[in-house]
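Undergrad:
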Ligand SMILES: [Fe+2]
Ligand SMILES: [Fe+2]
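Protein chains in written order, with the numbering used here: chain E, 20 to 115; chain Y, 3 to 312.
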């Protein structure tokens with residue numbers, strides 16, 4: 020049984036309706052693109068959860084490492100000028 | 003590697019309500035607990051299709067058949083959500099299934115009881131799914147991200163399961179005397195197994211303390227069981243059936259006091275001596291083995307597709 024194979028893992032992203040961002044919902048196993056699409060539809064959209072699906076083979080995803088968290092995503096606190104609140108507006112300025 | 007500092011940081015994350023994600027560092031025991039619990043949960047969803055599939059070809063109407071089919075399909079889906087989430091812990095689906103077949107991994111004992119009448123379809127949806135909902139609602143806040151997200155999806159789908167079951171029971175309870183009796187008997191059959199679904203008393207639950215500390219589990223077995231009892235007894239009374247526990251009594255605090263569970267039966271079924279243990283596993287193995295050629299063919303086809311692309 021250990022020689023058995025369920026096929027590669029595909030990560031599934033769904034857009035709930037036009038204009039909304041795609042969101043990760045889970046994964047499926049499938050042996051090719053077409054089967055992955057059918058499996059994703061059957062598994063993740065049984066109740067009109069979405070109108071569009073993206074599939075990405077899990078092995079093709081490039082992900083950051085948790086160890087990078089500190090340095091890689093340094094909030095740049097030394098660059099407050101990236102935020103709108105940094106700037107002094109003249110008294111009485113509106114719509115800006 | 004698991005020095006105190008890492009453990010402390012991990013615990014601090016849990017205490018701050020920050021979810022643990024697959025690539026994050028986690029103590030081995032945390033991972034092992036999740037591997038055990040999530041695979042057991044996934045297997046339960048899948049094995050749980052069997053007692054209901056028993057009535058699929060004999061559903062009393064087309065409406066009933068369509069509903070039952072949709073519910074069973076959902077349960078298969080729940081199994082798949084959970085296997086996917088459990089695979090993020092670094093164990094393959096093949097491995098999980100192998101452990102199930104080897105008896106190294108368990109599934110909910112409640113599915114080792116038979117479903118001899120149509121009323122059992124009512125009782126299972128109402129009580130077994132009802133008990134599962136109480137547990138799963140709580141698990142939506144569990145500390146492992148993929149598990150929590152799978153629970154949110156599952157909970158959205160579960161309420162239809164419970165309602166369709168209660169509808170069957172309510173209909174039968176107001177039917178002919180024979181139908182009402184059939185409903186009462188199904189209630190009697192599933193009442194105690196449903197209460198057992200929450201597991202042993204807290205004081206006898208060996209892993210409970212650590213699981214609570216790690217936020218894997220958020221409420222104790224006894225607290226969850228009590229929530230279920232308090233919700234369900236009024237539902238029993240509303241449709242004119244009787245709670246199969248002479249000692250069930252409403253307390254001044256609005257909670258019900260009930261008899262203690264027959265724990266010998268509980269452990270006996272867990273050990274594999276329930277009425278359907280061997281049948282359930284045998285059937286799962288057969289279905290898996292019967293599908294082997296389909297997987298082999300699909301795999302060969304998939305490889306060929308890849309070659310064409312290259
Ligand atoms: Fe389920
Ligand atoms: Fe269910």
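By construction, the Cβ of each residue, glycine as well, lies at the ideal position given by its N, Cα and C atoms.
Between residue 262(Y) and ligand 2, is there a pair consisting of the residue's CB and a ligand heavy atom that are separated by less than 8 Å?
TA: no
Undergrad: Going along chain Y in order, which residues have a C-beta closer than 9 Å to the C-beta of residue 41(E)?
TA: Listed by position along chain Y, the residues whose Cβ is nearer than 9 Å to that of residue 41(E) form an empty set, because the closest Cβ is around 15 Å away.
Undergrad: Given this structure, state the Cα-to-Cα distance separating residue 21(E) from residue 38(E), to the nearest angstrom.
TA: Below a pLDDT of 50, predicted positions are generally treated as unreliable, and residue 21(E), at 42, falls in that range; the measurement from the model is reported next regardless. Roughly 44 Å between the two C-alpha positions.
Undergrad: At the level of alpha carbons, what is the spacing between residue 132(Y) and residue 145(Y)?
TA: 23 Å
Undergrad: Curious, which full-length alpha helix (DSSP H) runs of at least 4 residues does the region 127–204 of chain Y contain?
TA: 131–141, 147–175, 179–198
Undergrad: Give the C-beta separation of residue 16(Y) and residue 147(Y) to the nearest angstrom, bearing in mind that I take them to be a contact with Cβ-Cβ under 8 Å.
TA: Actually they are not in contact, since the Cβ atoms of residue 16(Y) and residue 147(Y) sit about 12 Å apart, beyond 8 Å.
Undergrad: Is residue 281(Y) close to chain E? Criterion is C-beta to C-beta, closer than 9 Å.
TA: no
Undergrad: Would you grab the beta carbon distance between residue 117(Y) and residue 53(Y) for me? Rounded to a whole angstrom, and I think it's under 8 Å.
TA: At roughly 4 Å, the Cβ-Cβ gap stays under 8 Å, so residue 117(Y) and residue 53(Y) are in contact.
Undergrad: Could you list the residues in the region 78–91 of chain Y with a C-beta less than 8 Å from some C-beta on chain A, going in chain order?
TA: Absent from the structure is chain A; the protein chains it does hold are E and Y.
Undergrad: One question on the structure: do residue 188(Y) and residue 124(Y) come within less than 9 Å of each other, judged by their Cβ atoms?
TA: yes
Undergrad: State the Cα-Cα distance for the pair residue 137(Y) and residue 160(Y), rounded to the nearest angstrom.
TA: 12 Å
Undergrad: For the beta strand (DSSP E) that residue 41(E) lies in, which residues bound it at each end?
TA: 41–48
Undergrad: How many Å lie between residue 45(Y) and residue 253(Y) at the Cα?
TA: Each residue's Cα considered, the two are about 37 Å apart.
Undergrad: Give me the chain E residues within the contact set of residue 303(Y), using Cβ-Cβ distance strictly less than 9 Å, ordered along the chain.
TA: 50, 51, 54
Undergrad: Who are the near neighbours of residue 276(Y) in its chain, counting only those whose CB is closer than 8 Å to its CB and skipping five residues on each side?
TA: Closer than 8 Å at the Cβ level, and outside the excluded window around residue 276(Y), lie 111, 114, 115, 270.
Undergrad: When DSSP builds the beta bridges, which residues end up paired with residue 271(Y)?
TA: The partner list for residue 271(Y) (beta bridge, DSSP) is empty, contrary to what the question assumes.
Undergrad: Residue 38(Y) and residue 107(Y): beta carbons closer than 9 Å?
TA: yes
Undergrad: Tell me whether residue 180(E) is buried or exposed, calling it buried when 16 or more other Cβ atoms sit within 10 Å of its Cβ.
TA: Because chain E spans 20 through 115 in this model, residue 180(E) falls outside it and cannot be assessed.
Undergrad: Any beta carbon of chain Y sitting closer than 9 Å to that of residue 97(E)?
TA: no
Undergrad: Along chain Y, which residues have their Cβ under 8 Å away from the Cβ of residue 85(E)?
TA: 23, 25, 26, 27
Undergrad: Between the Cα of residue 27(E) and the Cα atoms of 21(Y), 26(Y), 309(Y), 305(Y), which residue gives the shortest distance?
TA: 305(Y)
Undergrad: CB-CB under 7 Å to residue 95(E), same chain, minus the five flanking residues each way: which ones, in chain order?
TA: Closer than 7 Å at the Cβ level, and outside the excluded window around residue 95(E), lie 101.
Undergrad: What residue from 119(Y), 127(Y), 142(Y), 296(Y) has the CA that sits closest to residue 162(Y)'s CA?
TA: Taking only the C-alpha atoms, the option nearest residue 162(Y) is 127(Y).
Undergrad: Please confirm whether residue 46(E) has its beta-carbon closer than 9 Å to some beta-carbon of chain Y.
TA: yes
Undergrad: Kindly provide the ranges of any alpha helix (DSSP H) runs that are 4 or more residues long and lie completely inside the region 55–80 of chain E, ordered along the chain.
TA: none
Undergrad: Please name the residue in 134(Y), 94(Y), 119(Y), 240(Y) whose C-alpha comes closest to that of residue 2(Y).
TA: Summary: the structure shown does not reach residue 2(Y), with chain Y confined to residues 3 through 312, and so no result is reported for it.
Undergrad: I need the DSSP call for residue 27(Y), collapsed to helix, strand or coil.
TA: coil
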